[in-house]
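Right, one structure below, let's go through it.
Chains as they are written, first to last, in my numbering: chain A, 13 to 283; chain B, 180 to 475; chain W, 37 to 412.
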């Protein structure tokens, strides 16, 4: 085992400082009393209050939440199906095209995805609004879900599904009773990923939305283009807080599950 | 029956909402301006049958692409996007490699925490992370306050709305994409290889250059592609942090569409951007494939 | 006590097989995994498919379970062509090599899994599960998850799970492969016991010849997708049909040679210059001058210091190597022509009293019925 050198310690410190300082500054200054964001004028929660009274922001947040829940749920269903097809589907006509369409959106610039979907929606005469944003978000996030789920399915012991069939399950029952419960953690992380992708998306939503629907990132965008604002700092702090809390909880839960499993396995060895 | 449905549902969804839109983009990029502006003419009148298809093909021409070639704004934007993406990728690698290396050499019990710290920003809003630099880099921002407070400079530096700010923004937001694949290869690296190298007469430094770096090349390549490919089409970072000198194709496309309302040109810009991206994407896929095969 | 009737339905032309493979071929692309196999397996048999990895034994079993369909030919179960029947509708159950226990279900729910699919009443399921738990002696562990029990216990849960549905045919894919040697030997006897108690037909796939010999009523030796020999373990061991089978099962000396003469069942084989022809018995009709192999097990060769009187075959050589295994010793004896023959003898005396040591001259001898003559 090599000792941990001071070079490594420095790289880690500087690296993580670089990653976290900007967000920390944002959080600290969200409690600034002054309207001038770069001048500290004492502690205050004034901007949080203003934020909560701002109906435009609250409305946008509500739209964003609706879009995120709908699109991530749809994306999870479609993405899990797609993963199943990719890993278990065997050969079928157009398989290469299918896997290409799964991977391409992951590297597609958002501006192109947004533009092309908008042209489609106009072409078929679909009213633009929440529905079109949900359709767009579902399309690109189902690809992320399918990548997450298929990486779990690849390591999945195929014999488990065969055992279920052997014991009298139809293929659909085998999926519902055996495969799904076992890959559930991957499906849940897929949903969470789809949810955050939808929550964060600015570019695609800006293309495909209509006058009736404004999402939170769009609202933030139109505000920050004019410069730094204390309200946006407060909003950012709230969003960062929620995400951090969520990620820490999720990692603690999975850490505990792994630890308890290891304890069980050790105990089983001794019996 | 059910098997068919499981294949058909995601397949049709992607055909309808991914592939068909591209065909439309392609079609509009080959159309005349007047047709493409709303009120929108049908892209392909299937009811007209074979004649409709022939008319559809007959209407196509390359004048939008010719326009892109004549106006130097566009090819300059493509070139500048490629240059910015390349420089930013190198910078991200220089920042990311030492961090990934240090993570892989850290105590095993620390690694999950470090890994979580790298992934956490990825879950946080991209827009907010870019925005957080606006307050730092502006004329009266925290960085200038700090440097002037320390007496290092007299005049505030102009960083925001320059390419420098764009580079900082890219390195910052794409750093996790660089760190994670490099860390993954370094973590798998058998430390006894380094001991063997030292046993055979290498110094620590030369063991690093002769063993560690070559073995981490797949991770480095993966990280570089993961940064390079999306940065080419980046829109948010150049718009928020860049200035008038920052020319990036994602921004051009956005403006062509939203400000100039020239859909055929915007579509042609998108088509060329895609063609440019195909090369790195194919290279990236090949690198991934090779790694998978090496992994078993 | 009346003499126990020997269980050998394959020798009775009137008995109907439970399973019949009829001209079955399975190809994966260019690769032929199963090559035109005909095979009958009878009710209550403990049938072993034995062969090295890649010989097609697992494919054969998976075709019985319904996970693979034959490219050509038909498979009959109980007089019914099961080709079009999907795995979930077959009266067969399979025990997987990895056990394939459902990790999210406890032992009881794993065993009940197949019964619940049949839609049986709850109390009937519970009763059957309890019966199975008793059979494999796991009553105490019913509430545990698979990762909370040991490897041997998992193996028994897997067995109980596929027996619970009382299948007509139980398929076992390397059922003991994951266990350590000692546990494996114990479990072999448990398996035989359970097979006898339940009266289920077992088909087991294994690459372990000892395991096949121990548990099976009949063994099918496979090679490159073909059945080389299907017979009871003693026939496989004592009367292999080819050098492949002789070599695959147990230890053997194979001496290639040519037929010198044949007179009824008596045959002599020229095999090495300067050595007398081997005298042996065979039922094969062999033309003089044709190539033949003489296969003889080491334990059937006696080793002695002096030339034994009246032996049908005797050759002289010197002891090259001695492998002392405690209960027996194997002697490697080199003949003047350079050939090495292995002979085995039980160590009836303590080791200090051993007759031979390295480089000693020794005589090897065997009767004319001790070995087999093979033409391939």
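Every residue, glycine too, gets a C-beta built ideally from N, C-alpha and C.
In the structure shown, residue 340/B falls within a coil segment according to DSSP collapsed to helix, strand and coil. Look at residue 44/A: its C-beta is not under 7 Å from any C-beta on chain B.
Considering only 194/W, 363/W and 401/W, the residue with the shortest C-alpha distance to residue 377/W is 401/W. Within the segment 316–342 of chain B, those residues whose Cβ lies closer than 8 Å to any Cβ of chain A are, in chain order, 317, 319, 320, 321 and 324. Contacts with chain B (Cβ-Cβ distance below 9 Å) from the segment 188–221 of chain A involve 204, 205, 208, 211, 212, 213, 214, 215, 218 and 219, listed in chain order. At least one beta carbon of chain A lies nearer than 7 Å to the beta carbon of residue 414/B.
Per DSSP, the unbroken beta strand (DSSP E) holding residue 131/W starts and ends at 128–131. Counting C-beta atoms within 10 angstroms of its own C-beta, residue 262/B has fewer than 16 neighbours from the protein chains shown and is therefore classed as exposed. For residue 293/W, the uninterrupted beta strand (DSSP E) run begins and ends at 289–299, by DSSP.
Per DSSP, the continuous alpha helix (DSSP H) segment holding residue 247/W begins and ends at 245–251. Take the alpha-carbon of residue 129/W and the one of residue 158/A: they are about 33 Å apart. Contact of residue 23/A with chain B by beta-carbon distance below 8 Å involves 277, 278, 280 and 281.
Judged by DSSP secondary structure, residue 265/W falls outside any alpha helix (DSSP H) and instead within the beta strand (DSSP E) spanning 262–267. Listed in chain order, the non-local C-beta contacts of residue 118/A below 6 Å within the same chain comprise 155, local neighbours out to five positions each way being set aside.
Taking 8 Å as the Cβ-Cβ cut-off, the segment 114–128 of chain A has no residue approaching chain W. Going by DSSP, residue 435/B is part of the alpha helix (DSSP H) stretching over 428–437. Under DSSP, no beta-bridge partner is assigned to residue 151/W. Nearest C-alpha to residue 280/B among 189/B, 315/B, 370/B and 445/B: 370/B. Cβ contact annotation for residue 274/B (same chain, cutoff 7 Å, sequence separation greater than five): 350 and 354, in chain order.
By the rule that beta-carbons nearer than 7 Å mark a contact, residue 110/A touches chain B. Unbroken alpha helix (DSSP H) stretches of 4 residues or longer found wholly inside the segment 296–348 of chain B: 305–316 and 321–328, given in chain order. Under the Cβ criterion of 7 Å, residue 94/A is counted among the residues facing chain B. The straight-line gap separating the alpha-carbon atoms of residue 292/W and residue 378/B is approximately 53 Å. Judged by DSSP secondary structure, residue 113/A falls within the alpha helix (DSSP H) whose first and last residues are 107–119.
Of all alpha-carbon atoms in 437/B, 411/B and 439/B, the one lying nearest the alpha-carbon of residue 426/B is that of 411/B. The distance from the Cβ of residue 31/A to that of residue 249/A is about 17 Å, inconsistent with a contact at the 8 Å cut-off.
By the neighbour-count definition (other C-beta atoms within 10 Å, threshold 16), residue 269/A is an exposed residue. A Cβ-Cβ distance of about 13 Å is found for the pair residue 224/A and residue 146/A, leaving them out of contact under the 8 Å criterion. For residue 221/A, there is no enclosing beta strand (DSSP E), as DSSP gives it neither H nor E. Taking all protein chains in view, the Cβ of residue 433/B is crowded by 16 or more other Cβ atoms within 10 Å, so the residue is classified as buried.
At least 7 Å separates the CB of residue 27/A from every CB of chain W. Beta-bridge partners assigned by DSSP to residue 110/W: 58/W. Here residue 165/A is buried: its Cβ has 16 or more other Cβ atoms, across all protein chains shown, within 10 Å. By the rule that beta-carbons nearer than 7 Å mark a contact, residue 202/W does not touch chain A.
Residues of chain A with a Cβ closer than 8 Å to the Cβ of residue 210/W do not exist, since the nearest Cβ in that chain sits about 12 Å away.
Interface residue (Cβ-Cβ distance to chain A less than 7 Å): residue 204/B is classified as such.
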